[in-house]
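Trainee: Chains as they are written, first to last, in the numbering used here: chain G, 1 to 113; chain R, 1001 to 1115. Yeah, the Cβ is synthetic: ideal placement off N, Cα and C, and Gly gets one too. Fair warning: this is a prediction, and the values are worked out from it, not measured in the lab.
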Amino acid sequence: KQEVTQIPAALSVPEGENLVLNCSFTDSAIYNLQWFRQDPGKGLTSLLLIQSSQREQTSGRLNASLDKSSGRSTLYIAASQPGDSATYLCAGSGNTGGFKTIFGAGTRLFVKA
Amino acid sequence: DTGVSQNPRHKITKRGQNVTFRCDPISEHNRLYWYRQTLGQGPEFLTYFQNEAQLEKSRLLSDRFSAERPKGSFSTLEIQRTEQGDSAMYLCASSLLAGGKNEQFFGPGTRLTVL
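1. Counting only the same chain and skipping the five closest in sequence on each side, list residues whose C-beta sits under 8 angstroms from that of F1106/R.
2. Relative to chain G, which residues along the region 1039-1055 of chain R have a C-beta separation below 8 angstroms, given in chain order?
3. I'd like to know if the region 104-113 of chain G and the region 9-24 of chain G are in contact, where contact means that at least 3 CB-CB pairs between them fall below 8 angstroms.
4. According to a CB-to-CB cut-off of less than 7 angstroms, which residues of the region 1067-1101 of chain R neighbour chain G?
5. Three or more C-beta pairs under 8 angstroms: does that hold for the region 22-35 of chain G against the region 1070-1084 of chain R?
6. I'd like to confirm the pairing. Which residues does DSSP put opposite Q51/G in its beta bridges?
7. Is the CB of Y76/G under 9 angstroms away from at least one CB in chain R?
8. Since Q6/G contacts N18/G with CB under 8 angstroms, what's their CB separation in whole angstroms?
9. So which residues of chain R does S143/G contact, with C-beta pairs closer than 8 angstroms?
10. Using a Cβ cut-off of 9 angstroms (strictly closer), state whether F1021/R contacts chain G.
11. Check whether the Cβ atoms of T26/G and Q1104/R sit closer than 9 angstroms, and answer yes or no.
12. To the nearest angstrom, how far is it from the Cα of P1043/R to the Cα of D1086/R?
13. Check whether chain G comes within 9 angstroms of S1058/R, counting only Cβ atoms and requiring the distance to be less than that.
14. Can you look up P14/G in the DSSP assignment and give me helix, strand or coil?
15. Tell me where the beta strand (DSSP E) around R1069/R begins and ends.
16. Let's see if you can read the secondary structure: which residues bound the beta strand (DSSP E) around K1057/R?
17. Beta-carbon of I102/G versus every beta-carbon of chain R: anything under 9 angstroms?
18. Go ahead and label N1018/R buried or exposed: buried means 16 or more other beta carbons lie within 10 angstroms of its beta carbon, across all protein chains shown.
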């Protein structure tokens, strides 16, 4: 059974800092690992998706990596800005038992101006 | 393409009433997912469809919940005899499974409050 854990649960940093959000999963038979951003009371916005055959993906100031052997993914945010303040969620979908997607509880990020 | 849409955005109902939510996916997407999210938690998988076929349903989904996707287009999620514990945000997502990629795009959600 897939379980996804995100550390830390909350993070407060000054503007301009580089930061890393961590995601760990228990089942290495992962099909896709997807990172999302969620603003309060809103739906989820897809940030990056890493396929099982890939090691990392980049979009602007964001870089996500995937290490299936250790069951870990990281989201790196460079030069953080107050507009980055949101909850960041990772989700793993597997090809064992279907394509059910399991989410972590998220990391709440606050970037101080 | 206007993205995934959900209606209504908010629903307040009394305990014991039935409610129905609608999700319109991105037009070319063949997969559609329903999730439930409570405060401070990540979305919890409920069920998903490939075209019109419901392929998986969470064991957490009681028989009061039913979902349909007629003709593989929009989907509805019905909750019968609502309970206060059903209060949550109900999220819909769609994706196009192709080439090893299954990127999900979410709608804005329907917030349900059961009084």
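Mentor: The structure says:
1. In the second sequence, residue 1106/R corresponds to position 106, counting from 1. Cβ within range, chain order: V1004, L1091, C1092 and A1093.
2. G1040, Q1041, G1042, P1043, E1044, F1045, Y1048 and L1055
3. yes
4. L1091, G1100 and K1101
5. no
6. Numbered from 1 along the first sequence, position 51 holds the residue referred to as residue 51/G. Paired residue(s): N32/G.
7. Position 76 of the first sequence, counted from the start, is the residue given in the question as residue 76/G. So, not an interface residue.
8. Start at 1 with the first residue of the first sequence, and residue 6/G comes out as number 6. Start at 1 with the first residue of the first sequence, and residue 18/G comes out as number 18. Not really, about 18 angstroms apart at Cβ, beyond 8 angstroms.
9. Any question about residue 143/G goes unanswered here, given that chain G covers just 1 to 113.
10. Walking along the second sequence from the start, residue 1021/R turns up at place 21. It does not: the Cβ of F1021/R has no partner Cβ on chain G nearer than 9 angstroms.
11. For the purposes of this step, residue 26/G is taken as the residue at position 26 of the first sequence. For the purposes of this step, residue 1104/R is taken as the residue at position 104 of the second sequence. For T26/G and Q1104/R, no; Cβs fall outside 9 angstroms.
12. Mapped onto the second sequence, residue 1043/R falls at position 43. Mapped onto the second sequence, residue 1086/R falls at position 86. Each residue's alpha carbon lies about 14 angstroms from the other.
13. The residue you call residue 1058/R lines up with position 58 of the second sequence. It does; some Cβ of chain G falls within 9 angstroms.
14. On the first sequence, position 14 is the one that residue 14/G refers to. The answer is strand: DSSP assigns P14/G an E or B state.
15. Locating residue 1069/R in the second sequence gives position 69, where the first residue counts as 1. Where R1069/R is concerned, there is no enclosing beta strand (DSSP E), given that its DSSP letter is neither H nor E.
16. What you label residue 1057/R is simply residue 57 of the second sequence in a count that begins at 1. Counting along the chain, the beta strand (DSSP E) containing K1057/R begins and ends at A1053 to K1057.
17. Here residue 102/G corresponds to residue number 102 of the first sequence, with the count starting at 1. It does: the Cβ of I102/G has a partner Cβ on chain R nearer than 9 angstroms.
18. Reading the second sequence from its first residue, position 18 is the one you call residue 1018/R. When all chains shown are included, N1018/R counts as exposed.
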